[in-house]
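J.: Here's a structure for you.
Residue numbers (our numbering): 6 to 207.
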(Lines of atoms letter the chains of each structure in order from A and count residues from 1; the text may use other names and numbers.)
(Lines give C-alpha, C1' and ligand atoms only; values in the text may rest on other atoms or scores of the structure.)
Protein backbone atom coordinates (compact mmCIF):
# COMPACT_ATOMS: atom_id res chain seq x y z
CA UNK A 1 0.00 0.00 0.00
CA UNK A 2 1.34 3.43 -0.94
CA UNK A 3 2.35 5.56 2.06
CA UNK A 4 0.33 8.69 2.73
CA UNK A 5 2.43 11.77 3.47
CA UNK A 6 0.79 14.74 5.19
CA UNK A 7 2.33 18.04 4.01
CA UNK A 8 1.95 20.97 6.41
CA UNK A 9 2.35 24.35 4.69
CA UNK A 10 3.19 26.56 7.64
CA UNK A 11 2.81 30.12 6.37
CA UNK A 12 0.02 32.38 7.64
CA UNK A 13 -0.28 33.98 4.19
CA UNK A 14 -3.11 33.03 1.85
CA UNK A 15 -0.81 32.99 -1.21
CA UNK A 16 2.53 31.95 0.20
CA UNK A 17 5.80 30.62 -1.11
CA UNK A 18 5.53 27.85 1.49
CA UNK A 19 2.29 26.69 -0.11
CA UNK A 20 3.86 26.87 -3.57
CA UNK A 21 6.74 24.71 -2.33
CA UNK A 22 4.22 22.38 -0.69
CA UNK A 23 2.45 21.86 -4.01
CA UNK A 24 5.80 21.20 -5.68
CA UNK A 25 6.66 18.64 -3.00
CA UNK A 26 3.23 17.01 -3.38
CA UNK A 27 3.89 16.51 -7.09
CA UNK A 28 7.30 14.98 -6.36
CA UNK A 29 5.81 12.63 -3.78
CA UNK A 30 3.11 11.51 -6.18
CA UNK A 31 5.74 10.83 -8.84
CA UNK A 32 7.70 8.81 -6.26
CA UNK A 33 4.72 6.55 -5.56
CA UNK A 34 3.39 8.14 -2.37
CA UNK A 35 0.00 9.73 -1.66
CA UNK A 36 0.38 13.42 -0.69
CA UNK A 37 -2.15 15.10 1.61
CA UNK A 38 -1.61 18.87 1.53
CA UNK A 39 -2.78 21.14 4.36
CA UNK A 40 -2.25 24.90 4.02
CA UNK A 41 -2.43 26.91 7.26
CA UNK A 42 -2.70 30.11 5.24
CA UNK A 43 -6.00 29.03 3.70
CA UNK A 44 -7.26 26.97 6.64
CA UNK A 45 -5.95 28.48 9.89
CA UNK A 46 -6.45 26.33 12.95
CA UNK A 47 -8.07 27.61 16.15
CA UNK A 48 -5.58 28.65 18.81
CA UNK A 49 -5.08 26.13 21.58
CA UNK A 50 -7.33 26.74 24.60
CA UNK A 51 -7.65 24.87 27.87
CA UNK A 52 -10.99 23.36 26.84
CA UNK A 53 -9.11 21.42 24.16
CA UNK A 54 -8.57 18.79 26.86
CA UNK A 55 -12.23 18.63 27.95
CA UNK A 56 -14.10 15.37 27.46
CA UNK A 57 -16.57 15.65 25.90
CA UNK A 58 -15.59 18.85 24.12
CA UNK A 59 -17.18 21.11 21.53
CA UNK A 60 -15.92 23.72 19.11
CA UNK A 61 -12.94 21.71 17.90
CA UNK A 62 -14.48 20.09 14.84
CA UNK A 63 -12.03 21.79 12.46
CA UNK A 64 -9.09 20.33 14.34
CA UNK A 65 -10.75 16.92 14.68
CA UNK A 66 -10.91 16.69 10.88
CA UNK A 67 -7.19 17.49 10.60
CA UNK A 68 -6.37 15.02 13.38
CA UNK A 69 -8.13 12.26 11.45
CA UNK A 70 -5.99 13.03 8.41
CA UNK A 71 -2.86 12.93 10.56
CA UNK A 72 -3.82 9.56 12.04
CA UNK A 73 -4.23 8.22 8.51
CA UNK A 74 -0.80 9.51 7.44
CA UNK A 75 2.37 7.42 7.45
CA UNK A 76 4.76 10.38 7.48
CA UNK A 77 4.92 14.16 7.29
CA UNK A 78 6.67 17.00 5.51
CA UNK A 79 6.79 20.21 7.53
CA UNK A 80 7.19 23.16 5.13
CA UNK A 81 8.10 25.98 7.48
CA UNK A 82 8.92 29.60 6.64
CA UNK A 83 11.18 31.71 8.82
CA UNK A 84 9.40 34.63 10.51
CA UNK A 85 11.89 36.94 12.26
CA UNK A 86 14.25 34.01 12.72
CA UNK A 87 11.51 31.86 14.24
CA UNK A 88 8.94 29.19 13.50
CA UNK A 89 5.59 30.94 12.78
CA UNK A 90 2.93 30.96 15.48
CA UNK A 91 0.59 28.84 13.35
CA UNK A 92 3.11 26.01 13.17
CA UNK A 93 3.76 26.19 16.91
CA UNK A 94 0.01 26.07 17.49
CA UNK A 95 -0.24 23.01 15.22
CA UNK A 96 2.23 21.23 17.47
CA UNK A 97 0.32 22.28 20.59
CA UNK A 98 -2.75 20.57 19.14
CA UNK A 99 -1.12 17.48 17.60
CA UNK A 100 -0.56 14.66 20.08
CA UNK A 101 1.11 11.29 20.10
CA UNK A 102 -2.21 9.78 19.03
CA UNK A 103 -1.66 11.44 15.67
CA UNK A 104 2.12 11.62 15.32
CA UNK A 105 3.93 9.07 17.48
CA UNK A 106 6.54 7.02 15.64
CA UNK A 107 5.94 8.68 12.29
CA UNK A 108 8.87 10.08 10.28
CA UNK A 109 8.97 13.70 9.19
CA UNK A 110 11.11 15.75 6.82
CA UNK A 111 11.70 19.41 7.62
CA UNK A 112 11.72 21.78 4.63
CA UNK A 113 12.36 25.39 5.59
CA UNK A 114 11.67 28.38 3.36
CA UNK A 115 13.37 31.78 3.25
CA UNK A 116 12.91 34.76 0.96
CA UNK A 117 16.59 35.57 1.48
CA UNK A 118 19.47 33.52 2.89
CA UNK A 119 17.90 32.34 6.16
CA UNK A 120 16.02 29.15 6.93
CA UNK A 121 18.37 27.49 9.41
CA UNK A 122 16.70 28.71 12.60
CA UNK A 123 13.30 27.05 12.03
CA UNK A 124 15.04 23.74 11.36
CA UNK A 125 16.85 23.97 14.70
CA UNK A 126 13.75 25.18 16.56
CA UNK A 127 11.51 22.41 15.23
CA UNK A 128 14.03 19.75 16.20
CA UNK A 129 14.43 21.23 19.68
CA UNK A 130 10.87 22.15 20.58
CA UNK A 131 8.12 20.39 18.64
CA UNK A 132 8.33 16.62 19.18
CA UNK A 133 8.95 15.93 22.88
CA UNK A 134 5.43 14.76 23.71
CA UNK A 135 4.01 13.82 20.32
CA UNK A 136 7.01 11.55 19.55
CA UNK A 137 7.30 12.65 15.93
CA UNK A 138 10.56 11.33 14.47
CA UNK A 139 12.44 13.89 12.39
CA UNK A 140 14.74 12.54 9.71
CA UNK A 141 18.38 13.59 10.08
CA UNK A 142 18.10 15.22 6.64
CA UNK A 143 16.50 18.62 6.05
CA UNK A 144 16.10 20.88 3.03
CA UNK A 145 16.48 24.68 3.16
CA UNK A 146 14.93 26.55 0.24
CA UNK A 147 16.62 29.96 0.17
CA UNK A 148 15.72 32.81 -2.21
CA UNK A 149 12.51 30.87 -2.62
CA UNK A 150 10.80 33.39 -4.89
CA UNK A 151 13.36 32.50 -7.59
CA UNK A 152 12.97 28.71 -7.31
CA UNK A 153 11.09 26.32 -9.61
CA UNK A 154 9.58 29.02 -11.82
CA UNK A 155 10.23 27.41 -15.23
CA UNK A 156 10.43 23.63 -15.41
CA UNK A 157 11.64 23.84 -19.02
CA UNK A 158 14.57 26.10 -18.12
CA UNK A 159 15.71 25.15 -14.60
CA UNK A 160 18.42 27.20 -12.94
CA UNK A 161 21.45 25.63 -11.30
CA UNK A 162 19.76 26.11 -7.91
CA UNK A 163 16.59 24.45 -9.25
CA UNK A 164 18.51 21.40 -10.40
CA UNK A 165 20.42 21.03 -7.14
CA UNK A 166 17.45 21.52 -4.83
CA UNK A 167 15.16 19.37 -6.96
CA UNK A 168 17.72 16.60 -6.63
CA UNK A 169 17.90 17.08 -2.86
CA UNK A 170 14.13 17.04 -2.55
CA UNK A 171 13.76 13.89 -4.66
CA UNK A 172 16.50 12.17 -2.64
CA UNK A 173 15.07 13.11 0.75
CA UNK A 174 11.46 12.41 -0.22
CA UNK A 175 12.44 8.95 -1.44
CA UNK A 176 14.10 8.36 1.94
CA UNK A 177 11.00 9.68 3.71
CA UNK A 178 8.85 7.24 1.76
CA UNK A 179 11.11 4.37 2.85
CA UNK A 180 11.04 5.57 6.46
CA UNK A 181 7.24 5.79 6.30
CA UNK A 182 6.94 2.23 5.03
CA UNK A 183 9.39 0.91 7.65
CA UNK A 184 7.85 2.78 10.59
CA UNK A 185 4.52 1.04 10.02
CA UNK A 186 6.14 -2.02 11.57
CA UNK A 187 7.19 -0.04 14.65
CA UNK A 188 3.65 1.23 15.25
CA UNK A 189 2.12 -2.17 14.53
CA UNK A 190 4.32 -3.76 17.21
CA UNK A 191 2.38 -1.85 19.86
CA UNK A 192 5.46 -1.41 22.02
CA UNK A 193 4.86 2.26 22.85
CA UNK A 194 2.93 2.65 26.13
CA UNK A 195 1.37 6.10 26.10
CA UNK A 196 -0.71 5.31 29.19
CA UNK A 197 2.39 4.77 31.31
CA UNK A 198 4.59 7.36 29.57
CA UNK A 199 2.39 10.06 28.02
CA UNK A 200 5.09 12.75 28.12
CA UNK A 201 8.63 12.83 26.82
CA UNK A 202 11.64 13.75 28.96
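Glycine is no exception: its CB is placed at the ideal position from the N, C-alpha and C atoms.
Remember, it's a predicted structure, so these values are computed and weren't measured experimentally.
Within a Cβ cutoff of 7 Å, which residues of the same chain sit near residue 104, ignoring the five residues on either side of it in sequence?
T.: If we look at residue 104 and ignore the five residues flanking it on each side, its Cβ neighbours are 76 and 140.
J.: Going by DSSP in three states, residue 27 sits in which element: helix, strand or coil?
T.: helix
J.: Grab me the residues of residue 205's own chain with a C-beta within less than 6 Å of its C-beta, minus the 5 sequence neighbours each way, in chain order.
T.: 139
J.: Looking at residue 151: is its Cβ nearer than 9 Å to the Cβ of residue 123?
T.: Against a cut-off of 9 Å, the Cβ pair of residue 123 and residue 151 comes out as no contact.
J.: Among 148, 147, 165 and 46, whose alpha-carbon lies nearest the alpha-carbon of residue 155?
T.: Checking every option, the nearest Cα to that of residue 155 belongs to 165.
J.: For residue 81, list the residues DSSP reports as bridge partners.
T.: 10
J.: Residue 185: buried (16+ other C-beta within 10 angstroms of its C-beta) or exposed?
T.: Here residue 185 is buried, its C-beta having at least 16 other C-beta atoms within 10 Å.
J.: Comparing C-alpha positions only, which one of 163, 191 and 172 sits nearest to residue 27?
T.: 172
J.: Hey, is the stretch 14 to 28 in contact with the stretch 64 to 82, meaning 3+ C-beta pairs nearer than 8 Å?
T.: No: fewer than three Cβ pairs fall under 8 Å.
J.: Check whether the Cβ atoms of residue 112 and residue 80 sit closer than 9 Å, and answer yes or no.
T.: yes
J.: Which residue's Cα is closest to the Cα of residue 132: 110, 121, 101 and 159?
T.: 101
J.: Let me check understanding here. Comparing Cα to Cα, which of 58, 60, 134 and 161 lies closest to residue 207?
T.: 134
J.: Return the CA-CA distance between residue 145 and residue 190, expressed in angstroms with no decimal places.
T.: 15 Å
J.: Does DSSP classify residue 134 as helix, strand or coil?
T.: helix
J.: Round the Cβ separation of residue 121 and residue 200 to the nearest angstrom and send it over; I've been treating them as touching at under 8 Å.
T.: Not confirmed; about 39 Å, so no contact.
J.: For the alpha helix (DSSP H) that residue 203 lies in, which residues bound it at each end?
T.: Note, residue 203: premise wrong, no alpha helix (DSSP H); not H, not E.
J.: Run through DSSP, which three-state label would residue 153 get?
T.: Coil.
J.: Using only CA atoms, which one of 110, 181 and 188 lies nearest to residue 33?
T.: Closest option to residue 33, judged by alpha-carbon separation, among 110, 181 and 188: 181.
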